[in-house]
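For the sequence shown, UniProt numbering assigns the number 1 to the initial residue and increments by one for each residue that follows.
The C-beta atom is built at its ideal place from N, Cα and C for all residues, glycine as well.
Treat the numbers as computed from the prediction; the structure is a model and nothing was measured.
Read through the structure below, which is laid out as structure tokens, and then see the notes.
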Amino acid sequence: MCRWAAYRGDPLYLEELVSSPAHSLIEQSHCATRAKTATNGDGFGIAWYGNRPEPGRYRDILPAWSDCNLKSLARQIRSPLFLAHVRAATGGGTRRDNCHPFVFENWSFQHNGQISNFDRLRRPMEAMLDDRLFHARSGTTDSELLFLLAMQFGLATNPIAAIAQTIGFVEGLSIHLTGSVLVRFTAAFSDGKSLFAIRYATDRKAPTLYASPVGAGYCLVSEPLNDDIDAWREIPDGSAVLIDDTGVHVTPFQPEEHASAERQPIAVIPA
1 MCRWAAYRGD PLYLEELVSS PAHSLIEQSH CATRAKTATN GDGFGIAWYG
51 NRPEPGRYRD ILPAWSDCNL KSLARQIRSP LFLAHVRAAT GGGTRRDNCH
101 PFVFENWSFQ HNGQISNFDR LRRPMEAMLD DRLFHARSGT TDSELLFLLA
151 MQFGLATNPI AAIAQTIGFV EGLSIHLTGS VLVRFTAAFS DGKSLFAIRY
201 ATDRKAPTLY ASPVGAGYCL VSEPLNDDID AWREIPDGSA VLIDDTGVHV
251 TPFQPEEHAS AERQPIAVIP A
């Protein structure tokens with residue numbers, strides 16, 4: 001499974017998450033402690049926001065620990081909102097187009113998880129995309145396709161509801177075509193203003209997600225960046241996260257078929 005980190009707040013050098021901490025994302029790329037596989041060496045990527053609406057992005061198929069450019073860029077790039085990812089491939093070849101984060105217009109997206117029987121679901125999933133989104137697909141992963149489906153279902157106008165509709169659609173499709181369903185989905189995504197995340201799984205075994213203050217902002221990570229256990233709060237399975245100017249908001253999350261009409265907050269951490 002993959003490892004990732006994301007940050008929103010006052011501008012911060014990417015190295016504060018990517019390379020500097022004791023258990024930085026680069027460290028996790030070859031020594032993850034809370035994943036099924038300790039090594040995440042099938043490529044990496046970073047996406048960051050600056051003065052333009054669309055994010056900058058750098059991806060490669062090298063392991064994160066062996067790319068000297070990544071450390072150099074992380075030391076120089078300072079951003080108020082960025083995503084970073086190291087990949088352990090569960091589907092799709094090791095190629096640059098399959099490395100996270102994925103971007104479309106002003107949106108960025110990264111994912112840790114899986115869809116069972118994806119080879120049987122891919123064609124009908126792709127058929128849901130309009131021409132603009134279908135032709136934006138350049139890789140072969142379930143992660144990129146989930147992102148584009150969420151764009152199709154309205155990510156730009158109602159992000160959490162769009163993810164709920166996307167996962168609900170995939171679950172229904174899987175049950176219809178295969179008679180079973182397994183979706184594990186822990187993802188971060190952003191429009192360049194707010195940072196969102198979802199932790200959810202049909203079998204209640206969602207990949208891990210933690211939140212913590214960092215500098216004058218907040219970060220979300222697959223696993224803590226240091227040994228200060230008290231600083232990291234685990235986000236419960238079945239949760240949606242929003243980080244904006246008012247702090248960190250955590251609310252219950254369910255796919256559309258099971259979502260309640262009104263989501264009550266679990267917690268708010270003030271800015």
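Discussion item. Going by the DSSP bridge assignment, what does VAL103 pair with across the sheet?
Written reply: SER108
Item to complete: Under 8 Å Cβ to Cβ from GLY50, same chain only, skipping five residues before and after it: list those, please.
Response: GLY56, SER79
Worksheet item: Helix, strand or coil for TRP48 per DSSP?
Response: strand
Practice prompt. Along the beta strand (DSSP E) that carries LEU195, what are the first and last residues, could you check?
Written response: 195-201
Practice prompt. Can you tell me which of the three DSSP states PRO255 falls into?
Written response: coil
Discussion item. Please state the DSSP three-state secondary structure of PHE153.
Written reply: coil
Worksheet item: Is it right to say PHE134 is buried, meaning 16 or more other beta carbons lie within 10 angstroms of its own, or is it exposed?
Response: exposed
Discussion item. Could you compute how far the alpha carbon of ALA150 sits from the alpha carbon of ARG59?
Written reply: 22 Å
Practice prompt. Please classify ILE61: does DSSP put it in a helix, a strand, or coil?
Written response: coil
Worksheet entry | Close-in-space but distant-in-sequence residues of the same chain around LEU242 (CB under 7 Å, 5 per side omitted) | SER194, PHE196, HIS249
Item to complete: Taking only the alpha-carbon atoms, compute the straight-line gap between SER24 and GLN114 and give it to the nearest angstrom.
Response: 24 Å
Worksheet item: Got a sec, what are the start and stop residues for the alpha helix (DSSP H) PHE245 sits in?
Response: Note that residue 245 is Asp in the sequence shown here, rather than Phe. Careful: ASP245 lies outside any alpha helix (DSSP H) and carries neither H nor E.
Fill in: For LEU14 and ALA84, believed in contact at Cβ under 8 Å, the rounded distance
7 Å
Discussion item. Quick check: what's the CA-CA separation for ALA136 versus ASN158?
Written reply: 21 Å
Discussion item. Using 9 Å as the threshold, is the C-beta distance between TRP4 and ASN112 below it?
Written reply: yes
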